[in-house]
Amino acid sequence: MAFAPMGPEASFFDVLDQHRASLLAALRRGGGEPAGRGTCPASSSEVLSSIENIIQDIITSLARNEAPAFTIDNRSSWENIKFEDSVGLQMVSHCTMRKIKSDSLKSVKNFALILKVLSVIYKLVQSNTYATKRDIYYTDSQLFGNQAVVDNIVDNISCMLKVPRRCLHILSTSKGLIAGNLKYIEEDGTKVNCSCTTAVAVPSNIQGIWNLITDAKFLLIVEKDATFQRLLDDNFCSKTSPCIMVTGKGVPDLNTRLLVRKLWDTFHIPIFTLVDADPHGIEIMCIYKYGSMSMSFEAHNLTVPAIRWLGLLPSDIKRLNIPKDTLIPLTKQDQKKLDSILKRPYVTCQPFWRQEMEIMADSKMKAEIQALTFLSSDYLSRVYLPNKLKFGGWI
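In structure tokens, the structure reads:
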């Protein structure tokens, strides 16, 4: 398969190829991808049966003159989270639960909203149709109040039924973008041919895309849309072709995370992150690599522990002599976030990450990727990233 344009000379990819070989060797030693122990795909009949069982429990409680309640895994407690280097953050099998009661003023509305969304899901699955979370919100926007309420309920139902959100026939509108050396076919048969010059939206149904084809040597996850667009404008994707670039435009949505995981599962190419040298950027990188507490019940479908931190490293700031007046002091919120990350279980197995974060903590300064423009307007795409990729400047 031929993709245009031509990239750098073959020797540019030598270290990347060695890195990929080590990743594949690690997979073979581990017996391939870890078996999914979290949520797994369920058939429509299984989803319908699970919802029917929940409704039957409610009816049984009412028949006994008892107030029905939903019992849901507590997704907001670190006590319910365990860490495995090969998976990331995942929910423990016997986690603490919380009850959403129908006879409590504090939770009765939430109980009713969950019941309503369960009804919507049942109809969607039964009729084999799909809806977005936004569609559900607009079925009764006054009742729900805001979109975040719907988002949280859908995730709670997914966790309660132990099935991925896509099995509930609920899609979310993608905000992420993808560019570079990739072709695929969407569920409806639409052929998508990504290019190195313009980006396309991440599909809204990642499970449905098929016949993925690429020659890419690596995948670069870019934290911010502005940086992603600048790299496209500088023809970085063309100059380092074949490669793939993805951005979640900040904190990634579910579809962007699912896409990154699918690309890893399909091609097993090196994946790198380019984020700001600040606690927020590090947090975003951790979400791609190890997952988040709130979605830990679906970690096996979302995380890619093989991801490496390419830049911007706090140590790069001193190494490149970036002037202090281009740096930004850490706020109290930044320091709190950094302290929180340093206490997380996965930092123990990432000593080089800890070292970088300690450099940031000691300096009490942070830097955006744009700080590199002090060196030259195209330093990021012309010098920084090519050198990092050619000589293995990742951790």
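Numbers 1 to 395, taken from full-length UniProt numbering, label the letters of the sequence shown in order.
Where is the CB? At the ideal position from N, CA and C, for every residue including glycine.
For clarity, every value in this text was computed on a predicted model and none was experimentally measured.
**Q.** Pairwise C-alpha distance: T247 and D378
**A.** 19 Å
inquiry  = At the 8 Å Cβ level, is E52 part of the contact set with chain D, yes or no?
reply    = The displayed structure is made up of one protein chain only, and chain D is not part of it.
*Can you list, in chain order, the residues of its chain whose CB lies under 7 Å from that of G145, leaving out five sequence neighbours each side?*
none
Contact check, Q126 vs L48 under 8 Å by CB: the rounded distance? 6 Å
Closest to M365 by CA distance: which of L310, I307 and P279 is it? P279
Pick from F228, S43, W264 and L372 that is closest to R166, judged by C-alpha positions: From the listed residues F228, S43, W264 and L372, the smallest Cα separation to R166 is found for S43.
Check: Using the rule of at least 16 other Cβ atoms within 10 Å of the residue's Cβ for burial, across every protein chain shown, is G180 buried or exposed?
Finding: buried
Specify whether the region 133-149 and the region 203-213 touch according to this definition: at least 3 beta carbon pairs, one from each stretch, less than 8 Å apart. no
Exercise. Can the beta-carbon of V149 be found less than 8 Å from the beta-carbon of L113?
Worked result: yes
Locate the beta strand (DSSP E) running through E84, then write down its first and last residues.
I81 to E84
Item checked: Nearest-angstrom Cα separation, counted from L16 out to I216 -> It is Ala, not Ile, that sits at residue 216 in the sequence shown. Between A216 and L16, the C-alpha separation is close to 11 Å.
Whose C-beta lies closer than 6 Å to the C-beta of Y137 among residues of the same chain, with five residues either side of it excluded? F144, Q147 and V150
Once the 5 residues before and after A35 are set aside, which same chain residues still bring their CB inside 7 Å of it? In this predicted model, A35 has a pLDDT of only 43, less than 50, meaning its place in the structure is not dependable; the value taken from the coordinates is given anyway. None.
Identify the continuous beta strand (DSSP E) that holds F272 and give its terminal residues. Taken as a continuous stretch (DSSP letters only), the beta strand (DSSP E) holding F272 covers I271 to L274.
### 6 Å CB neighbourhood of V383 in its chain, flanking five on each side removed
The beta carbon of V383 is closer than 6 Å to none in its chain, skipping five residues each way along the sequence.
By alpha-carbon positions, which one of P345, L310, L231 and V117 ends up nearest to L274? The shortest C-alpha separation from L274 is found at L310.
Does the separation of the CB atoms of H255 and G176 fall below 8 Å? Checking the displayed sequence, the identity of residue 255 turns out to be Asn instead of His. The answer is yes: Cβ separation under 8 Å.
Enumerated in chain order, which unbroken segments of the beta strand (DSSP E) with a length of 3 residues or greater are wholly contained in the region 191-275? Correct list: 191-193, 210-213, 219-222, 244-247 and 271-274.
Starting from F352 and walking both ways along the alpha helix (DSSP H), at which residues does that stretch end? P351 to S363
#### Entry: Local Cβ density within 10 Å of G281, reported as buried at 16 or more and exposed below that
buried
Mind pulling the alpha helix (DSSP H) runs of 4 or more residues that sit fully within the region 135-190?
141-144 and 147-161
Can you tell me which of the three DSSP states residue 469 falls into?
Residue 469 falls outside the range modelled here, since the chain spans only 1 to 395, and no answer is possible.
Task: Per DSSP, cross-strand counterpart(s) of K366 - done: I328
Grouping DSSP H, G and I as helix and E and B as strand, with all else coil, what is L342?
-> helix
First through last residue of the alpha helix (DSSP H) which encompasses T60: S44 to A63
Mind the definition here: the region 320-340 touches the region 355-372 only if three or more C-beta pairs lie below 8 Å; say whether that holds. yes
From this set, I59, S50, G88 and I317, which residue's C-alpha is nearest R344's C-alpha?
-> Of I59, S50, G88 and I317, the residue nearest in Cα terms is G88.
Measuring straight from C-alpha to C-alpha, what distance separates M91 and S50? Distance between the alpha carbons of M91 and S50: 20 Å.
Straight-line CA distance for D140 to S107? 19 Å
When the Cα of W78 is compared with those of V222, T60, M97 and R230, which residue comes out closest?
M97
Range covered by the beta strand (DSSP E) that runs through I72: A69 to D73
If you follow the beta strand (DSSP E) that M285 is in, where does it begin and where does it stop?
Note, M285: premise wrong, no beta strand (DSSP E); alpha helix (DSSP H) at P279 to Y290.
- Taking C-alpha atoms, which residue in R230, L263 and S292 lies nearest to Q370? R230
The beta strand (DSSP E) with L89 in it runs from where to where? G88 to M91
As a quick exercise: from W394, T240, K332 and K82, pick the residue whose alpha carbon is nearest that of G7.
Comparing Cα-Cα distances from G7 to each of W394, T240, K332 and K82, the minimum goes to T240.
| query | According to the neighbour-count rule (16 or more other Cβ atoms, all chains shown, within 10 Å of its Cβ), is D85 buried or exposed? | reply | exposed
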